[in-house]
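For the sequence shown, the positions run 595 to 941 when our numbering is used.
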Amino acid sequence: MNPKNLKRLRQILNQFDIKALFDDIFPILAQWVSRQAITTEIQRLKCKTNQHSVLDVYMNLLKDSEVADEIIEEKIPILMILGVACNASRRTWTSYTLLGDTQPDKTDSELQDNLKHFLLENNMHAAVTVKCLDSVHWVQVIEKKLSRNRLKFKAPLYVAHFIGEPYMFLSTKTASDDILESLAHGFGYTGYKFSNLNGHDLVSLLNHLIQKGARRGSAEPLPSFDHFKNTSFGKDFSQSDVRRQFITDLMGPAPPKLSNYVVVAKDLPWKGSMNFPSVSAETFDMKIEFKTNDTVEMLKDMAACGSLKVPPPSYVRNLMSTGKNSIKLRVQGLQGATDTETQTDVN
Numbered sequence: 595m596n597p598k599n600l601k602r603l604r605q606i607l608n609q610f611d612i613k614a615l616f617d618d619i620f621p622i623l624a625q626w627v628s629r630q631a632i633t634t635e636i637q638r639l640k641c642k643t644n645q646h647s648v649l650d651v652y653m654n655l656l657k658d659s660e661v662a663d664e665i666i667e668e669k670i671p672i673l674m675i676l677g678v679a680c681n682a683s684r685r686t687w688t689s690y691t692l693l694g695d696t697q698p699d700k701t702d703s704e705l706q707d708n709l710k711h712f713l714l715e716n717n718m719h720a721a722v723t724v725k726c727l728d729s730v731h732w733v734q735v736i737e738k739k740l741s742r743n744r745l746k747f748k749a750p751l752y753v754a755h756f757i758g759e760p761y762m763f764l765s766t767k768t769a770s771d772d773i774l775e776s777l778a779h780g781f782g783y784t785g786y787k788f789s790n791l792n793g794h795d796l797v798s799l800l801n802h803l804i805q806k807g808a809r810r811g812s813a814e815p816l817p818s819f820d821h822f823k824n825t826s827f828g829k830d831f832s833q834s835d836v837r838r839q840f841i842t843d844l845m846g847p848a849p850p851k852l853s854n855y856v857v858v859a860k861d862l863p864w865k866g867s868m869n870f871p872s873v874s875a876e877t878f879d880m881k882i883e884f885k886t887n888d889t890v891e892m893l894k895d896m897a898a899c900g901s902l903k904v905p906p907p908s909y910v911r912n913l914m915s916t917g918k919n920s921i922k923l924r925v926q927g928l929q930g931a932t933d934t935e936t937q938t939d940v941n
């Protein structure tokens, strides 16, 4: 076997733990190295059953087998995709909304052919590999270009697409319009738009996009109150129940459970600067940090007891609709500033 292929294969397999190696990786080349052969060799050598030792045994058995280099080269893209899928949180994913009707599921080969077709239509020659894992289509695209009579390969681009959901997530922020258009058409949609959402946890990103699609976090101003609730102490003019219901409607039926929510604003103008010219040129910084087991529930309580104005400030209204890890601050004259939000999901 080509030493280059062996070295490359070892580098790819290093990212898997022992369970993933035995459950997902070794079966791919089981025709040449069986699980029984691996365990028998480990027992014969009396080596430790850690990831490094198991890989050493496996690579030695594979090197002595009759597997052809063509087979290894064919399996390497699949193994690379499995590595990305198992360690997806190590990458920063950029999300895009796919336009058009939601498409039915496609087989790996159908989707692979579609993607190749639309890439070629945009004059892009690329090696495309598709693998479906746990209702997610994982795609690897390696673009090929001819430069000075030599074929050069670009760094792999990875795409995650949850089956039945009109969103795709790319492992780069700098994908060209041609690639994005080809991917959207390959998945069966008419186009795409940038979702302005980046992150590491694909499931959380998807949930935020679904919430945005349901228009969570947007609400009209409160109407005037014609009736007040009767309590044992008389009429409830505080309207605490109404305020709590307003925030509950704003958050939607299944808000994220946040343990840490930080609001940071810088260079804010003083509200009284118009009446006090001496402070008109002065600004101040503000930082509010909420730490609790359930920040959303706490914000509801604060609104109910009057600690938050209703309608609430933008950092509460935007909580469900942005989903961004960080929003840049912009001071807008004397009208205040936008909010910087840092969200940490418990799950």
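Cβ coordinates follow ideal geometry from the N, Cα and C atoms, glycine included.
Everything numeric in this text was worked out from a predicted model, so none of it was measured.
According to DSSP, is residue i helix, strand or coil?
i	result
LYS748	coil
PHE712	helix
THR886	coil
LEU816	For LEU816, the predicted model reports a pLDDT of 46, less than 50, meaning its position is unreliable; a value from the coordinates is still stated below. In the structure shown, LEU816 sits in coil (DSSP, three-state: anything other than H, G, I, E or B).
ASN919	For ASN919, the pLDDT reaches just 38, beneath the cut-off of 50, and the residue's location in the model is therefore unreliable, although a value from the coordinates is still provided. DSSP places ASN919 in coil when its eight states are reduced to three.
THR842	helix
GLY807	helix
ASP702	helix
LYS881	strand
GLU775	helix
GLU737	strand
PRO847	coil
GLY780	helix
ARG950	There is no way to answer for residue 950, as the model of the chain reaches only from 595 to 941.
LEU902	coil
Which residue from the options puts its Cα closest to that of residue i?
i	options	result
SER901	ILE632, GLN805, VAL730, ARG837	ARG837
SER789	LYS601, TYR783, HIS802, GLY782	HIS802
ASP843	HIS794, GLU876, ALA897	ALA897
ASP650	ARG604, ASP695, GLU668, VAL627	ARG604
GLU715	GLU775, VAL735, ILE665	GLU775
THR686	GLN805, THR768, GLN630	THR768
TYR971	SER647, VAL730, LYS746	The structure shown does not extend to residue 971, since the chain is modelled only from 595 through 941, so no value can be given for it.
ASN854	ILE841, GLU876, THR886, GLN839	THR886
LYS598	ILE612, HIS646, GLU667	GLU667
VAL661	LEU623, PRO671, PHE840	LEU623
What's the gap between the Cα of residue i and the Cα of residue j?
i	j	result
MET718	LYS860	45 Å
ILE606	GLU704	26 Å
PRO849	ASP888	10 Å
TYR652	GLN609	15 Å
ASN792	THR688	5 Å
LYS748	PHE878	47 Å
TRP732	ILE632	29 Å
VAL797	THR643	33 Å
SER920	HIS794	Note that SER920 scores a pLDDT of 37, beneath 50, so its modelled location is shaky; the value from the coordinates is reported in the next line. If I take the Cα positions, the gap works out to 13 Å.
LEU862	LYS881	11 Å
PHE884	GLY782	43 Å
ILE636	LYS657	16 Å
ASP663	LEU673	15 Å
VAL627	GLU891	54 Å
LEU709	MET762	14 Å
Does the beta carbon of residue i sit closer than 9 Å to a beta carbon anywhere in chain C?
i	result
VAL836	Here chain C cannot be found, since the structure has a single protein chain.
Could you pull the DSSP bridge partners for residue i from this structure?
i	result
TRP626	TRP626 is not bridged to any residue.
ALA754	TRP732, PHE763
SER689	PHE763
PRO621	Answer by DSSP bridge pairing: none, since PRO621 is not bridged.
LEU862	PHE878
Between which two residues does the beta strand (DSSP E) carrying residue i extend?
i	result
GLN645	That residue, GLN645, is in no beta strand (DSSP E); its alpha helix (DSSP H) goes 645-658.
GLU664	No beta strand (DSSP E) contains GLU664, which is instead part of the alpha helix (DSSP H) from 663-680.
CYS726	719-727
LYS787	785-793
Kindly indicate the opening and closing residues of the alpha helix (DSSP H) around residue i.
i	result
LEU603	597-607
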